[in-house]
Structure formats: structure tokens, C-alpha cells
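Beneath this line is the structure, given in C-alpha cells, with notes to follow.
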Amino acid sequence: MRSKGFDGMVCSIAGVMAAIGDRWGLLILRDLVFGLSRYDDFRQSSGVTNATLSDRLKHLEANGLVERRLYQTNPERHEYFLTDKGRQIAPVMLMLSQIGDRWQVSGASAPPLKFVNLKTGADVGWCFIDQKTGERLGAQDLGIKEGPGADDLVRWRLSHAARRREQRVVEHGLSREPARRPIGQRKSRSR
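Heads up: the sequence shown begins at 0 in numbering that gives the first Met the number 0, then just goes up one per residue.
Structure follows, in C-alpha cells:
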């Protein structure tokens, strides 16, 4: 049984996922962020089939994330570039890459990529910043509240999750939130 799509769901995350499409869409965006632009480059980089690549490029273009530009007329060939909207995915690529490094899921013995400041060459990372104070926050400092566009389902999710947390406290004597390491801090390994 196929699940329904994200149409009508009031959720920014679901909306971005719908625009990206699937894992292949995300990998094509990764390659575009890296600077690849031609069909054959995408095929070589990811191993995606022709049919899937063609479909995903059309989907990304229809959703305003990429634009197609003619670079050869005989035969007709196009390059693909990120739009302004598509370029907004670059920080997500940084986050996913650095999370993958922490989880050690790249298949390499060390991080395969480094994101750097183009002006200084220094490594860059991501963090959460309090918009009022400028304070840098860790995951343990973050909470989720209803936003101005919340609908009944969003309000239900938030209230239901709060009730479940309270229920765990009462039933199991657990703290309100599990203990968390600050973002970027690795779990120490026993030797």
C-alpha cells in the first residue's frame, strides 16, 4: 500500500522533502552544490539510472530548485544549475555531511569532505544561534513551539508529545528529557 503524499500537510519539513523528491533528488542537489552540472557527471557521481536521473531533474526543475540551460545545439544538451531557492539547500548538505562523519557512515576511515571558509580556508561547521542574544546553542537547549502558521494537526503533535513526555516521567521516573551531549561532541569510546 502506497502512503499518501505530503499535499495539504502543514509542515515545512514535509514541503522541502516533497520539493526534493527522494534520496536521488538529494544526491543530485549534493552534486549541484559541489559544482557538477552535466547529465553524465550526475550519472558518474551517483550511479543513478538514466530514467531515474531524467525524472528527478524534471522534478527538481518543476519545483524551482534547478534550472536547465542549453550548452550544445547539435545534439541538444543541457547543463543544470541551482536556482536561488536551490542554493538554500547547501547548509543542509553541510549538516548531513557532518552528521554522517559523526556517525561514521561514509565508508571512509576519515571524513571525505571538509567545508571551508572561502576567504580564510578555515574549516566551518554548523550551529544554532539564539536570534535575540546571539548565544550559541546545543541540541539540549532547543525546544519546539507552535508557530504562527500552525494548524490543528501541528498543535496536536506538540500537545501529544508533551503528554507522552510527562507520562514517561510519571510511569518510569525518567527525567523530562534524555541526557544529551552538546552538538558536535563525540561519544567517548571504551578502550
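Heads up, the beta-carbon is just placed ideally off N, CA and C, and yes, glycines get one too.
Verify whether the separation of the beta carbon atoms of Glu170 and Leu157 is less than 7 Å.
no
Do Arg37 and Glu78 have their beta-carbon atoms positioned less than 7 Å apart in this structure?
Yes, Cβ-Cβ distance for Glu78 and Arg37 is below 7 Å.
If I'm right that Leu31 touches Leu81 with Cβ under 8 Å, what's the distance once you round it to whole angstroms?
Contact annotation, Leu31 with Leu81: C-beta distance approximately 5 Å; criterion of less than 8 Å satisfied.
Around the C-beta of His58, are 16 or more other C-beta atoms found within 10 angstroms, so that it is buried, or is it exposed?
buried
Assigned secondary structure, Glu75 (DSSP; H/G/I helix, E/B strand, else coil)
strand
Measure the Cβ-Cβ separation of Asp150 and Val9 and say whether it is below 7 Å.
yes
Kindly give me the distance between the Cβ atoms of Arg192 and Gly24, rounded to whole angstroms, as I take these residues to be in contact under 8 Å.
Residue coverage of the chain in this structure runs from 0 to 190, which leaves residue 192 outside it and unanswerable.
Less than 7 Å between the C-beta atoms of Ala17 and Phe5, yes or no?
yes
Need the endpoints of the alpha helix (DSSP H) that Val47 sits in, please.
Segment: none, Val47 is in no alpha helix (DSSP H) and carries neither H nor E.
DSSP beta-bridge partners for Leu136?
Phe127
From the DSSP secondary-structure annotation, give me the bridge partner or partners of Arg67.
Tyr79
With Ile88 and Leu28 assumed to form a contact (beta carbons below 8 Å), what rounded beta-carbon distance in angstroms separates them?
Contact between Ile88 and Leu28 holds: CB atoms are separated by about 5 Å, below the 8 Å threshold.
Assuming Leu69 and Gly85 are in contact, meaning their beta carbons sit under 8 Å apart, how far apart are those beta carbons, in whole angstroms?
Not a contact, Cβ separation roughly 19 Å.
Quick one: Cα of Leu93 to Cα of Thr48, how far?
So the two alpha carbons sit approximately 26 Å from each other.
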